[in-house]
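For the sequence shown, this note's numbering gives the first residue as 30, with consecutive numbering after it.
See below for the structure under consideration.
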Amino acid sequence: MKLNFKNIIVIAALITGGLSSCDTEFLDVTPPSEIASEQVWTDGALSEAFVTGIYSGLQQGGFSEQMLASLTDEAVFTHTGRNINTVNEGSLSPSNLGWVDDTYGWSPMYQRIRSTNIAIQNLKTATFTDETLKSRLMGEAYFLRAYYYQQLVRYYGSVPLITKVYDLNEDYAVARNTFEECVSFIVSNADSAAMLLEGKTLVKGRATKEAALALKSRILLYAASDLHDIPTAKAKSSVIAAYAKPEFLGYLSGDRKARWQAAQAAAKAVVDLTASRGYKLNLTAPVSAAEGKLNYISISMGGGSTDKTLDASAGNEIIFGRYFTPSLSEGARQTGLNNGPNGYHNWAGNTPIGLLVDDYEMMDGTPFNWTNPVEKASPYANRDPRFYATVLY
Numbered sequence: 030m031k032l033n034f035k036n037i038i039v040i041a042a043l044i045t046g047g048l049s050s051c052d053t054e055f056l057d058v059t060p061p062s063e064i065a066s067e068q069v070w071t072d073g074a075l076s077e078a079f080v081t082g083i084y085s086g087l088q089q090g091g092f093s094e095q096m097l098a099s100l101t102d103e104a105v106f107t108h109t110g111r112n113i114n115t116v117n118e119g120s121l122s123p124s125n126l127g128w129v130d131d132t133y134g135w136s137p138m139y140q141r142i143r144s145t146n147i148a149i150q151n152l153k154t155a156t157f158t159d160e161t162l163k164s165r166l167m168g169e170a171y172f173l174r175a176y177y178y179q180q181l182v183r184y185y186g187s188v189p190l191i192t193k194v195y196d197l198n199e200d201y202a203v204a205r206n207t208f209e210e211c212v213s214f215i216v217s218n219a220d221s222a223a224m225l226l227e228g229k230t231l232v233k234g235r236a237t238k239e240a241a242l243a244l245k246s247r248i249l250l251y252a253a254s255d256l257h258d259i260p261t262a263k264a265k266s267s268v269i270a271a272y273a274k275p276e277f278l279g280y281l282s283g284d285r286k287a288r289w290q291a292a293q294a295a296a297k298a299v300v301d302l303t304a305s306r307g308y309k310l311n312l313t314a315p316v317s318a319a320e321g322k323l324n325y326i327s328i329s330m331g332g333g334s335t336d337k338t339l340d341a342s343a344g345n346e347i348i349f350g351r352y353f354t355p356s357l358s359e360g361a362r363q364t365g366l367n368n369g370p371n372g373y374h375n376w377a378g379n380t381p382i383g384l385l386v387d388d389y390e391m392m393d394g395t396p397f398n399w400t401n402p403v404e405k406a407s408p409y410a411n412r413d414p415r416f417y418a419t420v421l422y
């Protein structure tokens, strides 16, 4: 027993001595599945991977099983017990945005904005040598920051503009900017993105100069509308008239004509640029109903459908798209399954209501009218081609 005890002591001493001689190496092992943040900006591929990850904030664009249409007077979501009820029942709160949170909540969007701030800050001092890649990634980061802020402003009015990367011990209390300041900031970021992305070759789904200018056009168009001209909006809405801080919702004063002219110039810049680069945006020739339906379906498929009856070149009408792949399970690629009729083994999730159906005009551009005996007798005949590409009847 004494011999065994001595042997145990010797073995324990050897193990202890071995550990003490290499404890530093043992504790300093770098996790093989992680990369130190400071390493990212020394390597072009790692920097690109970081910026690519920011695109995940685009989510599914409202095309999951629940859809934006069912949050409005366009459709009814037929399945109960989903977070969409939080919206439709008017029980939204800052702490519970329901289904909206995934795609439109301010928390996930500010998370992506923080990532764009990290990218912009670090790309300025990145040590990898590919300057073309560096400027492209900077352009993409500016575009994504402009995009996420544009989304926030669309849904919530003005928001705090965060452009720095905060540390844990800093004060997070940031004042809300005015609507005018937010629009100017978004336009500035879109302009920076357009400049940096000029001449860069990018794969589908990444930001381009065309996408940056289109984003600028969108925000300027919205900003010029009656909704964001506070004197006009107050006259039309008692809610806006009673709002204590209207500067968060729009322009208190200023030249409305100049705002419309800025929106017009921005839109023309997009049309002119895309026309010179193979996009099909400025089509003026009339088409038949069948051609119009085919075009609309083809665009919704992104021009990438394997269906030989569709127009494979329709993707040339898409300036910026969120693409999906069968190798990654995401709800938006199952739009047909989610919304097709039950009788065909689909889920019939979003059902259009009569008001949406009636909104589709006749083929000649006149409104559909139930009091017209001819139209009432054949309510689904001779309608806008987009009707047939959207509504099953």
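For glycine and all other residues, C-beta sits at the position ideal for the given N, C-alpha and C.
Owing to the predicted nature of the structure, the values given are computational and were not obtained by experimental measurement.
Taking its Cβ as the centre, do 16 or more other Cβ atoms sit within 10 Å of K425, making it buried, or is it exposed? No information on residue 425 is available, as it lies outside the stretch 30 to 422 that the chain covers here.
Rounding to the nearest angstrom, what Cα-Cα distance links L249 and A295 in this structure? For L249 and A295, the distance between alpha carbons rounds to 8 Å.
Candidates E77, A222 and D413: closest to E390 by CA position: If we check each option's Cα against that of E390, D413 comes out closest.
In chain order, what residues of the same chain have a beta carbon less than 7 Å from the beta carbon of V116, not counting five sequence neighbours either side? Taken in chain order, the residues that qualify are L100, G127, W128 and V129.
What does a CB cutoff of less than 6 Å around G369 pick up in its chain, not counting 5 residues either side in sequence? Counting only Cβ-Cβ distances below 6 Å, and skipping sequence neighbours, we find N375.
Mapping DSSP to helix, strand and coil, what is I347? Taken through DSSP and simplified to helix, strand or coil, I347 comes out as coil.
Buried/exposed call for V232, threshold 16 Cβ in 10 Å: With fewer than 16 other Cβ atoms inside 10 Å of its own Cβ, V232 counts as exposed.
Excluding the five sequence neighbours on either side, which residues of its own chain have a C-beta within less than 6 Å of the C-beta of S221, listed in chain order? The beta carbon of S221 sits closer than 6 Å to the beta carbons of Y171 from its chain, once the five residues preceding and following it are set aside; these are given in chain order.
Assuming A243 and I348 make a contact with CB atoms under 8 Å, what is their CB distance in whole Å? In this structure A243 touches I348 by the C-beta definition: roughly 5 Å separates them, less than 8 Å.
How many Å lie between P396 and K322 at the Cα? Answer to the nearest angstrom: the Cα atoms are 18 Å apart.
Do G234 and G350 have their C-beta atoms within less than 8 Å of each other? Result yes, Cβ atoms of G234 and G350 sit closer than 8 Å.
Could you tell me the distance, in whole angstroms, from the CA atom of H108 to the CA atom of T380? Those two C-alpha atoms are separated by around 11 Å.
Are the CB atoms of R205 and P189 nearer to each other than 8 Å? Yes. Within cutoff.
Give the list of continuous alpha helix (DSSP H) stretches no shorter than 4 residues that lie fully inside the region 233-262. With a minimum length of 4 residues, the continuous alpha helix (DSSP H) runs that stay inside the region 233-262 are 238-253.
Here's the rule: buried if 16 or more other CB atoms are within 10 angstroms of the residue's CB, otherwise exposed. What is N125? By the neighbour-count criterion, in which a residue is buried when 16 or more other Cβ atoms sit within 10 angstroms of its Cβ, N125 is exposed.
Extent of the continuous alpha helix (DSSP H) to which P402 belongs: Residues P402 to A406.
Since I believe A418 is in contact with I326 (beta carbons under 8 Å), could you give me their beta-carbon distance rounded to a whole number of angstroms? Correct: roughly 5 Å between the Cβ atoms.
Distance, Cα to Cα, H257 vs G119? Rounded to the nearest angstrom, the two C-alpha atoms are 24 Å apart.
Among N151, Q363 and N112, which has the Cα closest to the Cα of M330? For M330, the nearest C-alpha among the options comes from Q363.
Quick one: what does DSSP say Y178 is sitting in, helix, strand or coil? If DSSP states are grouped into helix, strand and coil, Y178 belongs with the helices.
Should N367 be labelled buried (16 or more other beta-carbon atoms within 10 Å of its own) or exposed? By the 10 Å Cβ count, N367 comes out buried.
Return the bridge partner residues of R412 from the DSSP annotation. In the DSSP assignment, the residues bridged to R412 are M391.
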